[in-house]
Structure formats: structure tokens, C-alpha cells
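Here's the structure we're looking at; comments come further down.
2 protein chains.
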Amino acid sequence: MISTPTATPTPDVYSTIGDPTRRALLLRLAEEGEKNVSELVEPFSISQPAISKHLRILRDAGLVSCHKRGRLRLYSIEADGLRQVYDWVSHFERYWDEKLDALGDHLDRKAKD
Amino acid sequence: MISTPTATPTPDVYSTIGDPTRRALLLRLAEEGEKNVSELVEPFSISQPAISKHLRILRDAGLVSCHKRGRLRLYSIEADGLRQVYDWVSHFERYWDEKLDALGDHLDRKAKD
DNA sequence: TTGACATATAACCGATTGGATATGTAATCT
DNA sequence: AGATTACATATCCAATCGGTTATATGTCAA
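Structure (C-alpha cells):
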């Protein structure tokens, strides 16, 4: 009984979503709800073990969870961990969605929250 | 006419921000404005060439720009490319800013779109 | 012009990554 | 029980990564 049960080694969310396959998996789980591994593999041209490895990484990052039903493993999105990405990238928001003229003051104030 | 500004080979923004050093560089440029390389190196315990390499990657990803002044290269944030990350991660927004109790139905319905 | 400074690039290296194939394990079906 | 299905894990491999030191290039200052 060595195995660390859930004890997340916090495997960086940013690098986890750095991979396009993993992003696609996350998006699909978010849009279509829980899916088993075979269903998740299907749209890709890569092997099942490769997808299982991605799912493992996603699980370790806390971005998905899974439970068994019969011989299926049903994976679901666990999006809380993505919030930190949202928060980080929000720091740059003012650079793209506003003309920063007299607005600068307002933004500086918000930045202090 | 669209004209790719610097002929970006689009070296994936997601993997670019996967590195913590690069995220720190971006954040600092955003918060403190343009900086030369020496200034950017200073807070880190890694070598100047290592930072220059990161800056190269950031430039290739279109996330920073630089211009010369004397013997200095002044780097500035170019945050537009981060918007796609913001947009992507926004897909998961509903998972963290809503209590999904009786809301589940509503969400399931939306998922079918 | 010579030397110091600012920065980029080159060459190299060990660690990690993302894939493949092969095998293990548990649940279901006949 | 035996075969099949669904998935995870093990092992291996080439490519990429992030760092290093060494070197090249261009600019300023004396």
C-alpha cells in the first residue's frame, strides 16, 4: 500500500494545459459531460495508452476526476484548477479590451484588489 | 490585407506560458513596462543566455516585442496573443463561478448546443 | 583604438515529454 | 472457466526543453 492516494504533487496546471490533446480533452469533457476512455480516444489518431497517460496527467493536476462504473472509467471535468490560469491571464486584460487613455487610473485602482 | 506582422511561425502560446520563468517575465513587463535584458535577468538566479533564450521564445510567440536603444534591447509586453488563452479558459468559467445545484439541468441543456 | 558592457547565438548536456508497443488487471459475457 | 472488453501501467525511444559555458557582435566610453 505504498501509493499516495490523492496527495496531489501539484503538477503545474500551466504545463498541463500546454498540450493540445489535453486541452481538447478538457474542452470536450466540459462541453459534453462525463465520458469513458474509449469515447475520449475515439476522435484522436493516437493510441489509447497515450490518452490514458494524458488523463493521468490531467488527474494529477486535479483538472479531471474519474469514477468506475462497471468496467468503464467515467471522467469528468474538474475546472477549479483552471481558475488560476484565468486569474493570471486576467492581469493582461487591459492590454487588449480597452483603450487605455484616461482609463489608466481606474485600472490601477482595480489592480490593487 | 492581413499581413502577418513579424511573420509569426505561431509557436504555441500555451506551451510558451507553460514555463514559470516566462510567465514571470511577462507579468513583470506588464506591470512595470519596458525593460532591458539585464534588468530582466536580475531577479533570477539563472544565466543571461538562459533569459535571452526565454525572450526569444516569447518573441517568437508574439508575446513580447523589442527595439534597440543604444546597446540596450528594450522589451515590452505584447499581450494580444494571451487573449486566446483567456478565451479558451473562459469556456470553463461556469464551473467555478456558479453553484450548480438545480442549475445542473440548465447546464446540461446548454451542453447540448 | 582599445576595452568594457549588453546581448545574442552556438554547442553541449541531462531531464522531461509524448508517442509507440507490450503486458497486466479487473469486469462482463458466454 | 475461458474469452472479450476496457483500461492502466511498463518499457522504450526520439525529440524537445531548460539550463550551462563559450563565443560572437555591436555599442559606448576613455
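Top line first, the protein sequences correspond to chains G and C. Per the numbering used here, the first sequence starts with residue 1246, numbered consecutively. Per the numbering used here, the second sequence starts with residue 1246, numbered consecutively. Ideal placement from N, C-alpha and C gives every residue a C-beta, glycine not left out. Keep in mind the model is a prediction, meaning the values are calculated, not measured.
Just reading off the alpha helix (DSSP H) that residue i is part of, what are its end residues?
i, result
"C:Ser-1335", "1328-1335"
"G:Ser-1260", "1258-1261"
"C:Pro-1288", "Here C:Pro-1288 belongs to no alpha helix (DSSP H), and DSSP marks it neither H nor E."
"G:Ala-1275", "1265-1277"
"C:Ala-1338", "First, the residue type needs correcting, since residue 1338 of chain C is Glu and not Ala in the sequence shown. 1338-1341 is the span of the alpha helix (DSSP H), which, as asked, contains C:Glu-1338."
Among the options, whose alpha-carbon lies nearest the alpha-carbon of residue i?
i, options, result
"G:Ile-1262", "G:Ser-1335, G:Gln-1329 and G:Gly-1315", "G:Gln-1329"
"G:Glu-1279", "G:Ser-1290, G:Phe-1337, G:His-1312 and G:His-1336", "G:His-1312"
"C:Gly-1315", "C:Leu-1271, C:Gly-1307, C:Leu-1300 and C:Asn-1281", "C:Asn-1281"
"C:Ser-1229", "C:Asp-1342, C:Ala-1295 and C:Asp-1305", "Missing from the structure shown is residue 1229 of chain C; chain C here goes from 1246 to 1358 and no further."
Using the C-alpha atoms, what's the distance from residue j back to residue i?
i, j, result
"G:Pro-1288", "C:Val-1309", "35 angstroms"
"C:Asp-1332", "G:Val-1334", "10 angstroms"
"C:Glu-1277", "C:Ser-1290", "20 angstroms"
"G:Phe-1337", "C:Ala-1324", "6 angstroms"
"C:Ser-1321", "C:Lys-1298", "16 angstroms"
"C:Ser-1248", "G:Arg-1318", "In this prediction, C:Ser-1248 has a pLDDT of 34, which is less than 50 and means its spatial position is unreliable; what the coordinates show is noted afterwards. Distance between the alpha carbons of C:Ser-1248 and G:Arg-1318 is about 47 angstroms."
"C:Arg-1273", "G:Arg-1339", "15 angstroms"
"G:Pro-1265", "C:Gln-1293", "30 angstroms"
"C:Val-1286", "C:Leu-1271", "13 angstroms"
"G:Gly-1307", "G:Arg-1267", "13 angstroms"
"C:Ser-1283", "C:Ile-1296", "9 angstroms"
"G:Ile-1302", "G:Val-1258", "10 angstroms"
"G:Ala-1275", "C:Trp-1341", "12 angstroms"
"C:Pro-1256", "G:Leu-1327", "22 angstroms"
"G:Leu-1300", "G:Ala-1269", "11 angstroms"
Within 6 angstroms: the Cβ of residue i and any heavy atom of the ligand SAH?
i, result
"G:Thr-1261", "What this structure holds is no ligand at all, so the ligand SAH is not there to describe."
I'd like to confirm the pairing. Which residues does DSSP put opposite residue i in its beta bridges?
i, result
"G:His-1312", "G:Leu-1319"
"C:Lys-1298", "None, per the DSSP bridge assignment."
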